[in-house]
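In UniProt numbering, the protein residues as written are 1 to 115.
Virtual Cβ for every residue (Gly too), placed ideally from N, Cα, C.
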Amino acid sequence: MADAFQTQTHHETPGRGKGGKGLGGKGVKRHRKILRDSVQSIPKPSLVRVARRGGVKRINTCIYAETRGALKVLLENVLRDTVAYTEHDKRQTVSASDVVHALKRSGHNLYGFGG
1 MADAFQTQTH HETPGRGKGG KGLGGKGVKR HRKILRDSVQ SIPKPSLVRV ARRGGVKRIN
61 TCIYAETRGA LKVLLENVLR DTVAYTEHDK RQTVSASDVV HALKRSGHNL YGFGG
């Protein structure tokens, strides 16, 4: 009698967990635009602004391409770690603390955003 009672109360309903909306497979598939070399679209005035903040007075023309290359490498490394933190927590949304932890791991501390 006790076994019958346990099986009734221990009946597991199929839970959805953190699956999002619905069971999936019924909606329209989104086509995600693949961004290739999007660092090249950063305008020169933006790079000048960052350099000015760093104390640079004049900039040679060949520095822009070099700066874009360095920025691309930095972003690839930080974003790879950020996605790793997000996936480890079984989330699909990147939080500010994920980025802060990834920056801290790469040696760049960022204050004021949690983490």
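At least three beta-carbon pairs within less than 8 Å, the region 89 to 99 to the region 57 to 67: Result no; under three Cβ-Cβ pairs closer than 8 Å.
Please say whether L103 and V78 have beta carbons closer to each other than 7 Å? Locating residue 78 in the sequence shown gives position 78, counting from the first residue. Locating residue 103 in the sequence shown gives position 103, counting from the first residue. Between V78 and L103, the CB-CB gap stays under 7 Å.
Consult DSSP for S46 and reduce its assignment to one of helix, strand or coil. Numbered from its first residue, the sequence shown carries residue 46 at position 46. Helix.
If you run the structure through DSSP and keep just helix, strand and coil, what is T67? For this step, residue 67 is matched to residue 67 along the sequence shown. In the displayed model, T67 falls within a helix according to three-state DSSP.
So for S38, helix, strand or coil by DSSP? Against the sequence shown, residue 38 aligns to sequence position 38. Note: S38 maps to helix in three-state DSSP.
Using the beta-carbon count (16 or more within 10 Å), is V99 buried or exposed? What you label residue 99 is simply residue 99 of the sequence shown in a count that begins at 1. Around the C-beta of V99, 16 or more other C-beta atoms lie within 10 Å, and the residue is accordingly described as buried.
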